[in-house]
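The next block holds one structure in the form of structure tokens; read it before the comments.
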Amino acid sequence: MFTGVYTALATPFTTEGKIDFAALEVLLEKQIKSGIDGLVLLGTTAEAATMDEAEKDELLCAAIKQINHRVKVIIGTGTNCTRTMLKNTEAALKHNPDGVLIVTPYYNKPNPSGLIEHYRQAAQLGAPIVLYHIPGRTGLKLPPAVLKDLLEQVPQIKAVKESDYDMSQVTDTAVHFAKKINYLCGNDDLFPQYLALHASGIISAAANVLAPAFVKMHAAWQKGNTEQTFSIFSKAYPLIKACYTETNPTCVKYLLSRLGVGGETVRLPLGPVSDAHKKQVDEILQSTDKSLLI
25 MFTGVYTALA TPFTTEGKID FAALEVLLEK QIKSGIDGLV LLGTTAEAAT MDEAEKDELL
85 CAAIKQINHR VKVIIGTGTN CTRTMLKNTE AALKHNPDGV LIVTPYYNKP NPSGLIEHYR
145 QAAQLGAPIV LYHIPGRTGL KLPPAVLKDL LEQVPQIKAV KESDYDMSQV TDTAVHFAKK
205 INYLCGNDDL FPQYLALHAS GIISAAANVL APAFVKMHAA WQKGNTEQTF SIFSKAYPLI
265 KACYTETNPT CVKYLLSRLG VGGETVRLPL GPVSDAHKKQ VDEILQSTDK SLLI
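Residue numbers (my numbering): 25 to 318.
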């Protein structure tokens, strides 16, 4: 269901902090032209946590209309409040997405019974669910045994976006579940490793800038050309790392601005990238193969 390259789309803002719909249109077209398989709207990279309901709906209306079924669409709806998550999901489903991305609740650190019920209630709304596991941001590490219970009790979960850096647990999870669901890489800098663990694709923030690179990597892997996959990855790797020099999506948006797609504005509590880091990122961008960039 969810295979290939999905870009976790950034939300361009004007210098006044409003959604920059002109830049959004340019970014969407560049992404689709690059050959991606899908887009994730209102995820972490979109700074959805700083957007109100009206802004989210306005962005979705504009983006969905422009995408026009050319690629798949997943909409982020997760929060650490089940009632709010359900409200977000209901609003998202009005736009007929291919799925919803629901992060494991952060801060609350739910126990297994609460976590299962959280996703069970989301499943009752009918959309395919991509479970988002990112313990570095949520503070909740999902043991494989609990994931097993989730998948058994909530069959509406069709995919997992895995963003854990504990490769021992990632491997354990992949061995047990990667052939049962779509197992999606959430760590751009580990894409080849995830492909080797039977990942069906990637949801990538760096793909805002490097969509052609990820598309080429995935295509090469699908053809069994591991050498080409690694060759492309090694060329893109410095800029992939540069995207995370400061908290995502600050550097992604700075890079987009350098590529002429919108400005670098982020919303508080995120701030602008430091001048020293901008210089570092600029140097890496200048040395990156332009065929790998949007």
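Beta carbons are placed, not taken as given, at the ideal position from N, Cα and C, and that holds for glycine.
Q) Distance, Cα to Cα, Pro121 vs Pro152? A) On the sequence shown, residue 121 is found 97 positions in, with the first residue counted as 1. On the sequence shown, residue 152 is found 128 positions in, with the first residue counted as 1. Rounded to whole angstroms, Pro121 to Pro152 spans 9 Å at the Cα level.
Q.
Looking at the secondary structure, which residues open and close the beta strand (DSSP E) in which Ala183 lies?
A. For the purposes of this step, residue 183 is taken as residue 159 along the sequence shown, with counting starting at 1. Its beta strand (DSSP E) spans residues Ile181 to Glu186.
Q) Exposed or buried, His222, counting other C-beta atoms within 10 Å across all chains shown (16 or more means buried)? A) What you label residue 222 is simply residue 198 of the sequence shown in a count that begins at 1. With fewer than 16 Cβ atoms within 10 Å of its Cβ, His222 is classed as exposed.
Q | Within the region 233 to 314, ranges of the beta strand (DSSP E) (whole runs, at least 3 residues) | A | List check, beta strand (DSSP E) in window: nothing returned.
Q: Please state if the CB of Lys203 and the CB of Leu175 are separated by a distance shorter than 9 Å.
A: On the sequence shown, position 151 is the one that residue 175 refers to. On the sequence shown, position 179 is the one that residue 203 refers to. Judged by beta-carbon spacing, Lys203 lies beyond the 9 Å limit of Leu175, meaning their Cβ atoms are not closer than that value.
Q. Can you list the beta strand (DSSP E) stretches of 3 or more residues lying completely in the region 104 to 150, in chain order?
A. Qualifying beta strand (DSSP E) stretches, in chain order: 123 to 127.
(Q) Excluding the 5 residues flanking Ser315 on each side, which residues of the same chain have their C-beta closer than 8 Å to its C-beta? (A) Here residue 315 refers to the residue found at position 291 of the sequence shown. The residues are Pro236.
Q. Taking contact to mean at least 3 C-beta pairs separated by less than 8 Å, is the region 64 to 71 in contact with the region 100 to 108?
A. Contact holds between the region 64 to 71 and the region 100 to 108, because three or more Cβ pairs, one in each stretch, are under 8 Å apart.
Q) If Val233 sits next to Val297, beta carbons under 8 Å apart, how far is it from one beta carbon to the other, in whole angstroms? A) What you label residue 233 is simply residue 209 of the sequence shown in a count that begins at 1. What you label residue 297 is simply residue 273 of the sequence shown in a count that begins at 1. Actually they are not in contact, since the Cβ atoms of Val233 and Val297 sit about 14 Å apart, beyond 8 Å.
Q) What is the C-beta distance between Gly210 and Lys185, in whole angstroms, given that I count them as a contact (C-beta under 8 Å)? A) Taking the first residue of the sequence shown as position 1, residue 210 is located at position 186. Taking the first residue of the sequence shown as position 1, residue 185 is located at position 161. That pair is a contact at about 5 Å.
Q) Looking only at DSSP bridge pairs, what is Phe37 linked to? A) Residue numbering aside, residue 37 sits at position 13 when the sequence shown is read from its first letter. Answer is Ile43.
Q. Does DSSP put Lys172 in a helix, in a strand, or in coil?
A. Position 148 of the sequence shown, counted from the first residue, corresponds to residue 172. It is helical.
**Q.** Buried versus exposed call for Cys85 [16 or more other C-beta atoms within 10 Å across all chains shown]
**A.** Position 61 of the sequence shown, counting from 1, holds the residue named residue 85. With fewer than 16 Cβ atoms within 10 Å of its Cβ, Cys85 is classed as exposed.
**Q.** First through last residue of the beta strand (DSSP E) which encompasses Tyr156
**A.** Translated into the one-based positions of the sequence shown, residue 156 becomes position 132. Tyr156 -> beta strand (DSSP E) spans Ile153 to His157.
Q: Taking only the alpha-carbon atoms, compute the straight-line gap between Pro134 and Gln310 and give it to the nearest angstrom.
A: Within the sequence shown, numbered from 1, the residue matching residue 134 stands at position 110. Within the sequence shown, numbered from 1, the residue matching residue 310 stands at position 286. C-alpha separation (whole angstroms): 45 Å.
(Q) I'd like to confirm the pairing. Which residues does DSSP put opposite Ala62 in its beta bridges? (A) Translated into the one-based positions of the sequence shown, residue 62 becomes position 38. Reading off the sequence, residue 62 comes out as Gly, not Ala. Among the bridge pairs identified by DSSP, Gly62 is matched with Tyr30 and Lys96.
Q. If Asp188 sits next to His157, beta carbons under 8 Å apart, how far is it from one beta carbon to the other, in whole angstroms?
A. Residue numbering aside, residue 188 sits at position 164 when the sequence shown is read from its first letter. Residue numbering aside, residue 157 sits at position 133 when the sequence shown is read from its first letter. Yes, they are in contact, since the Cβ atoms of Asp188 and His157 sit about 6 Å apart, within 8 Å.
Q.
Could you tell me the alpha carbon to alpha carbon distance between Tyr130 and Pro159, rounded to whole angstroms?
A. Residue mapping note: residue 130 aligns to position 106 of the sequence shown, counting from 1. Residue mapping note: residue 159 aligns to position 135 of the sequence shown, counting from 1. C-alpha separation (whole angstroms): 9 Å.
Q) Using the rule of at least 16 other Cβ atoms within 10 Å of the residue's Cβ for burial, across every protein chain shown, is Thr128 buried or exposed? A) Walking along the sequence shown from the start, residue 128 turns up at place 104. By the 16-neighbour rule on beta-carbons within 10 angstroms, Thr128 is buried.
(Q) Please report the straight-line C-alpha distance between Val194 and Lys165, rounded to a whole angstrom. (A) As a working note, residue 194 is residue 170 in the sequence shown. As a working note, residue 165 is residue 141 in the sequence shown. Their Cα atoms are separated by approximately 11 Å.
Q. Start and end of the beta strand (DSSP E) containing Tyr207?
A. Locating residue 207 in the sequence shown gives position 183, counting from the first residue. Segment Asn206 to Cys209, the beta strand (DSSP E) holding Tyr207.
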